[in-house]
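Notes follow once the structure below has been shown.
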Amino acid sequence: MSQLSESMLEVTSLEVKYGAIAALRGISLSVKTGQIVTMIGANGAGKSTLLRAISGLIRVCSGNISLGDADITNLPPHRIVGFGVSHAPEGRMIFANLTVRENLEMGAYLRRDSDAVAGDLDRVFLLFPRLKERINQQGGTLSGGEQQMLAVGRAMMARPKLLLLDEPSLGIGPILVKAIFQTIVEINRELGMTILLVEQNAHLALKIAHYGYVLETGNIILEGPSSEIACNELVRKAYLSE
Amino acid sequence: MSEFLQQVINGISLGSIYALIALGYTMIYGILRFINFAHGDVFMVGAFIGYFVAPHVISLTGGSLWIAAPIVLIVTMVGCSALGVTIEKLAYRPLRSRPKLTVLITAIGVSFFLEYGGQLVFGPDPKLFPTLIPSSSLINTQHVVIGTNSIVVILTAIVLMLLLRFIVYNTKMGTAMRAVSFDHRVASLMGINIDSVISFTFVLGSGLAAAASLLYASVYPSINPLMGIFPGLKAFVAAVLGGIGNLAGAALGGLIIGITETFVSGYISSSYRDAIAFAILILILLFKPSGILGRHDRDKV
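Just so you know, the sequences run in chain order A and B.
Numbering of the first sequence is given in my numbering, commencing with residue 1 and proceeding in unit increments.
Numbering of the second sequence is given in my numbering, commencing with residue 1 and proceeding in unit increments.
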């Protein structure tokens with residue numbers, strides 16, 4: 001595994017509030033180029049909030065988010081996509097009224113290199129042959145697992161520098177979860193895509209990630225190489241249910 | 001029998017005009033989930049743009065209506081599109097995150113502004129709309145008269161609806177429109193600029209209203225600043241009847257309202273002409289609020 005030491009994403013003292021309630025209480029983290037970094041934590045810890053703040057879906061109260069040299073804090077979401085960030089949101093959120101092909105095309109909305117887009121479409125179909133069988137079906141008619149594949153595939157279609165994945169294992173069967181995680185590893189290794197993975201399934205996430213953070217009620221309580229995190233006594237008890 | 005045929009042709013002709021206006025209501029509803037009550041008044045402004053532009057264009061083209069009419073059509077469509085986009089930018093965009101009711105009331109305000117601003121600028125008296133469609137009878141038997149008017153209206157409406165269908169279902173911008181209509185936030189995660197898509201929707205909707213206004217004024221050539229109220233309301237009923245948010249539904253609803261209205265005024269009494277659309281509205285709201293082709297709104301997660 002080639003590990004470049006430069007950082008792709010830097011989050012500094014990030015604070016996000018929902019009304020009066022603090023969801024993130026000044027967290028800092030860094031995602032190194034070419035790595036899979038995972039953010040684990042219980043429901044409501046603020047994991048999805050972090051991804052929404054990075055992709056511009058919610059406003060940041062204070063702190064800073066930068067991508068390479070660019071400060072992307074509080075930019076509108078469509079501009080952040082232009083900087084090379086692609087977010088596959090929680091609960092899949094695929095366009096139910098668009099066909100599978102149209103969903104994937106929307107993933108590549110900002111791209112002008114139509115030949116390369118066609119190539120990436122083939123690659124998504126290679127990774128998820130099920131999607132190819134359903135190419136002209138409306139997104140809303142897909143099963144939960146297929147929708148999850150489509151959400152991951154659609155986020156890939158942007159050919160982002162940084163892929164944000166929110167709970168790709170949510171609500172799908174174990175075999176499919178395994179397939180999707182395998183795909184995440186492939187995307188990272190073969191396309192060199194940097195990935196920030198938010199997961200409740202800490203076991204799986206730590207297995208494929210290079211580095212991990214543990215988020216608890218808006219604070220990062222632990223960070224380190226994922227092998228170390230997986231051995232941590234506290235994590236084993238709280239998140240790996242051992 | 002022949003009178004029946006005559007009524008059908010007239011009904012389809014009127015219905016295609018309602019359909020063009022209804023498409024604007026339904027598209028804007030699809031994207032923003034509110035009824036743009038100023039839409040009928042954009043239609044009225046279209047008729048006045050046509051009224052002022054047409055004589056110049058006709059004299060410039062040496063009186064050939066077949067050349068002049070398409071030019072007037074394009075100028076009017078561009079003018080109304082600009083108006084629609086401006087209304088959205090100035091009146092609706094600042095209220096984007098407010099409750100829908102706020103926007104709805106603002107739309108009613110914009111509607112009054114255009115109606116009474118129109119009276120101030122154009123004067124309240126009716127004006128005679130210039131002839132844009134060369135009038136002659138294509139078929140003229142003892143019982144049935146089919147004029148170029150009806151045929152031009154129907155053909156123009158069909159061409160514009162096919163064009164709209166192409167834009168919405170076969171272009172990237174159209175796909176983006178459908179994506180935005182599903183969910184603004186998810187669409188913005190694709191890199192879609194929501195504001196541009198909304199502006200584009202107003203361009204399309206107002207452009208169709210402009211075309212409808214020229215066709216309408218060619219059939220009923222007396223125009224005034226309040227002329228948009230009834231066609232606007234009926235087209236709104238058409239959009240609800242077909243299933244608001246649904247393009248095919250708006251076209252179908254427009255035809256049904258147009259044909260029903262023509263039949264009521266032809267066979268019963270023209271005094272009920274305007275009432276029938278609202279009777280239909282009450283019936284749909286009672287028995288099938290989602291409309292003929294409409295589906296219930298998806299539950300948002």
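C-beta atoms are modelled at their ideal positions from N, C-alpha and C, and glycine is treated no differently.
All values derive from a computational prediction rather than experimental measurement.
| Item | Value |
| --- | --- |
| Please report the straight-line C-alpha distance between D115(A) and Y109(A), rounded to a whole angstrom. | 14 Å |
| How far does the alpha helix (DSSP H) with H143(B) in it extend, from its first residue to its last? | Segment: none, H143(B) is in no alpha helix (DSSP H) and carries neither H nor E. |
| Is there a Cβ from chain A that is less than 8 Å from the Cβ of N246(B)? | no |
| Between which two residues does the beta strand (DSSP E) containing P225(A) stretch? | N219 to P225 |
| Measure the Cβ-Cβ separation of A82(B) and G253(B) and say whether it is below 8 Å. | no |
| Given that a residue counts as buried once 16 or more other Cβ atoms are within 10 Å of its Cβ, and exposed if not, what is P77(A)? | buried |
| With a cut-off of 8 Å, does the C-beta of G291(B) fall near any C-beta of chain A? | no |
| Just to confirm the assignment: which complete beta strand (DSSP E) runs, minimum length 3, are found wholly within the segment 155-216 of chain B? | none |
| Against chain B, with Cβ distances strictly below 8 Å, would V152(A) count as a contact? | no |
| Rank E105(A), A53(A), R25(A) and P89(A) by C-alpha distance to the C-alpha of M157(A) and give the top, closest one. | E105(A) |
| Do I244(B) and G15(B) come within 8 Å of each other at the CB atom, strictly closer than that value? | no |
| Quick check: the Cα distance between R298(B) and R92(A), rounded to an integer number of angstroms? | In this prediction, R298(B) scores a pLDDT of 43, lower than 50, which makes its location untrustworthy; no coordinate-derived value is stated. |
| Checking contacts by CB at 8 Å: is D125(B) closer than that to chain A? | no |
| For the 8 Å Cβ check, are there 3 or more pairs between the segment 20-40 of chain B and the segment 205-212 of chain B? | yes |
| Please classify G62(B) as buried or exposed, where buried requires at least 16 other C-beta atoms within 10 Å of its C-beta. | exposed |
| In whole angstroms, what is the alpha-carbon distance linking V235(A) and L50(A)? | 20 Å |
| With respect to the beta strand (DSSP E) encompassing I36(A), which residues constitute its N-terminal and C-terminal limits? | I36 to I40 |
| Apply the 10 Å Cβ neighbour rule to E199(A) and answer buried if 16 or more other Cβ atoms are within range, or exposed otherwise. | buried |
| Classify Q35(A) as buried or exposed, calling it buried when 16 or more other Cβ atoms lie within 10 Å of its own Cβ. | buried |
| Distance check for N246(B) and A239(B), CA to CA, integer angstroms please. | 8 Å |
| For I187(A) versus G145(A), is the C-beta spacing smaller than 8 Å? | no |
| Sorted by chain position, which residues of the same chain lie with C-beta nearer than 8 Å to L293(B)'s C-beta, five sequence neighbours on each side aside? | G242, G243, N246, A248, G249 and L252 |
| Is the distance from the Cβ of R111(A) to the Cβ of R159(A) below 8 Å? | yes |
| Against M106(A), what residues of chain B qualify as contacts under a CB-to-CB distance less than 8 Å, listed in chain order? | T175, A176, A179, A187, M190 and I192 |
| Just grab the DSSP bridge partners of T99(A) for me. | Q138(A) |
| Flag this pair as yes or no: are the beta carbons of L114(B) and V203(B) separated by less than 8 Å? | no |
| What residue range does the alpha helix (DSSP H) around G258(B) cover? | L247 to F263 |
| Could you spell out the range, first to last residue, of the beta strand (DSSP E) harbouring A158(A)? | First-last for A158(A): undefined, no H or E at that position. |
| Step through the CB atoms of chain A and report whether any lies within less than 8 Å of the CB of F166(B). | no |
| Have a look at Y18(A) and L226(B) and give me their C-alpha separation to the nearest angstrom. | 46 Å |
| Along the segment 23-56 of chain A, where does the CB come closer than 7 Å to a CB of chain B? Name the residues. | S55 |
| Taking 8 Å as the CB-CB limit, is F182(B) close to chain A? | yes |
| By the 10 Å Cβ neighbour count, where 16 or more other Cβ atoms means buried, how is L90(B) classified, buried or exposed? | exposed |
| Among L164(B), F200(B), G109(B) and N36(B), which has the Cα closest to the Cα of V237(B)? | N36(B) |
| Within the continuous beta strand (DSSP E) that includes I65(A), where are the two ends? | S62 to L67 |
| Residues in its own chain within less than 6 Å of E10(A) by CB, not counting five upstream and five downstream? | S30 and S66 |
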